[in-house]
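Report on the following structure.
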């Protein structure tokens with residue numbers, strides 16, 4: 416089921432904050448000549464982010480509604496200047512480089528940006544575009560299938576607390592779907608079943624090396640109560656539900672139905688940055704027909720861990736993560 420479009424909480428950046436952020440990003444880019452995240456560039460991003468105004472910091476405050484997300488709006492973007500949408504992340508290079516740096520600055524205000532050694536060459540900002548040959552995968556490179564609602568990098572204990580999606584181009588108003596666990600209605604018996612470590616979540620198709628990892632997949636809970644409320648870890652496309660007991664499968668199915676019921680569709684405008692709490696919200700994308708002519712939907716993605724945040728079960732510390740390393744920008 417594809418949800419109807421719905422408004423998301425919006426935090427509008429004013430002219431002074433926009434000017435401050437764009438000037439800071441351009442200065443860093445001028446200094447390093449590339450958005451490739453070398454240690455020296457990350458060090459400069461951290462120094463610059465520490466000096467950003469309280470106005471920007473206020474806009475980057477934690478998610479503060481049960482929606483579990485917000486849209487940061489106002490950053491300027493000229494469609495004629497950013498160049499054509501890449502055909503894949505591998506060919507993107509430094510396309511939209513100033514946006515990479517802007518996202519890194521915002522991510523650093525919010526927490527600690529992370530990268531993955533096994534994904535997009537270990538870059539801290541990913542390019543999300545439809546790619547020929549990947550149309551029906553359950554990854555960001557797909558197009559013609561519904562990208563199922565999921566927790567970002569759900570297979571890994573070092574997954575992001577926050578997911579940031581910066582919109583570069585979206586001529587066709589293709590929507591990102593989002594559903595908050597805080598809005599579902601489930602019976603206590605279902606919550607009890609789903610709180611048990613019944614099934615693993617396997618690595619998705621973006622992590623081919625992890626899929627070949629030689630180790631028993633750890634069984635993990637789907638939902639649990641954290642210090643501030645109900646939380647989830649969810650990726651049905653990579654969860655072997657057939658291995659679960661019938662009553663667990665039934666409870667999981669009811670959770671899927673509830674998430675579909677409360678799901679909203681957020682159509683991002685160029686210059687928007689969608690910030691999603693990855694512990695509260697599952698996200699996906701509606702199907703669309705890619706043209707591969709340089710005008711397709713193009714997002715930038717950054718992942719952020721929030722130091723000191725306590726929303727995950729302690730048992731996650733013992734997981735192997737299928738051999739994948741989450742690289743923190745600032746150790």
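Numbering (this note's numbering), first residue to last: 416 to 746.
From the three backbone atoms N, C-alpha and C, an ideal C-beta is built for every residue, glycine too.
Residue burial classification, residue i (beta-carbon count within 10 angstroms, cutoff 16)
i: residue 442; result: exposed
i: residue 714; result: buried
i: residue 519; result: buried
i: residue 631; result: exposed
i: residue 604; result: exposed
i: residue 729; result: exposed
i: residue 548; result: exposed
i: residue 618; result: buried
i: residue 656; result: exposed
i: residue 537; result: exposed
i: residue 627; result: exposed
i: residue 505; result: exposed
Straight-line Cα distance separating residue j from residue i
i: residue 646; j: residue 678; result: 16 Å
i: residue 501; j: residue 663; result: 42 Å
i: residue 464; j: residue 625; result: 33 Å
i: residue 739; j: residue 533; result: 7 Å
i: residue 550; j: residue 469; result: 42 Å
i: residue 704; j: residue 586; result: 12 Å
i: residue 698; j: residue 691; result: 8 Å
i: residue 706; j: residue 434; result: 34 Å
i: residue 676; j: residue 598; result: 9 Å
i: residue 712; j: residue 638; result: 32 Å
i: residue 478; j: residue 485; result: 7 Å
i: residue 524; j: residue 684; result: 23 Å
i: residue 588; j: residue 511; result: 20 Å
i: residue 476; j: residue 722; result: 14 Å
i: residue 746; j: residue 452; result: 15 Å
i: residue 428; j: residue 461; result: 21 Å
i: residue 481; j: residue 424; result: 10 Å
i: residue 430; j: residue 517; result: 15 Å
i: residue 640; j: residue 496; result: 46 Å
i: residue 622; j: residue 648; result: 18 Å
i: residue 636; j: residue 659; result: 12 Å
i: residue 555; j: residue 490; result: 23 Å
i: residue 734; j: residue 446; result: 40 Å
i: residue 459; j: residue 543; result: 25 Å
i: residue 741; j: residue 522; result: 16 Å
Nearest-angstrom beta carbon gap, residue j and residue i [assumed within contact, 8 Å]
i: residue 614; j: residue 669; result: Not really, about 15 Å apart at Cβ, beyond 8 Å.
i: residue 652; j: residue 609; result: About 17 Å; that fails the 8 Å criterion.
i: residue 650; j: residue 541; result: About 18 Å; that fails the 8 Å criterion.
i: residue 426; j: residue 472; result: With a Cβ gap of about 12 Å, residue 426 and residue 472 do not count as contacting.
i: residue 584; j: residue 494; result: 6 Å
Beta-carbon proximity of residue i to residue j, cut-off 8 Å
i: residue 596; j: residue 654; result: no
i: residue 576; j: residue 736; result: no
i: residue 732; j: residue 539; result: no
i: residue 529; j: residue 727; result: no
i: residue 606; j: residue 688; result: no
i: residue 674; j: residue 569; result: no
i: residue 744; j: residue 457; result: yes
i: residue 611; j: residue 492; result: no
i: residue 700; j: residue 591; result: yes
i: residue 503; j: residue 449; result: no
i: residue 681; j: residue 483; result: no
i: residue 567; j: residue 693; result: yes
i: residue 773; j: residue 474; result: Not covered by the structure: residue 773. The range shown for the chain is 416 to 746.
i: residue 725; j: residue 642; result: yes
i: residue 467; j: residue 513; result: no
i: residue 499; j: residue 709; result: yes
i: residue 702; j: residue 561; result: yes
Contact test: residue i Cβ vs the ligand SAH heavy atom, cutoff 7 Å
i: residue 507; result: Only the bare structure without any ligand can be found here, which leaves the ligand SAH out of the picture.
CB contact below 8 Å: residue i versus chain C
i: residue 554; result: Protein chains in the displayed structure number just one, and chain C is not present.
Every unbroken alpha helix (DSSP H) within the segment 599-647, with a cutoff of 4 residues, ordered by chain: 603-609 and 623-626
- prompt: Counting only runs that start and end within the segment 463-548, where is the alpha helix (DSSP H) found for 4 or more residues in a row?
  reply: Counting whole runs of 4 or more residues, the segment 463-548 contains the alpha helix (DSSP H) stretches 469-474 and 512-525.
field: Contained alpha helix (DSSP H) runs [length at least 4] in the segment 647-698, N- to C-terminal order
entry: 661-677
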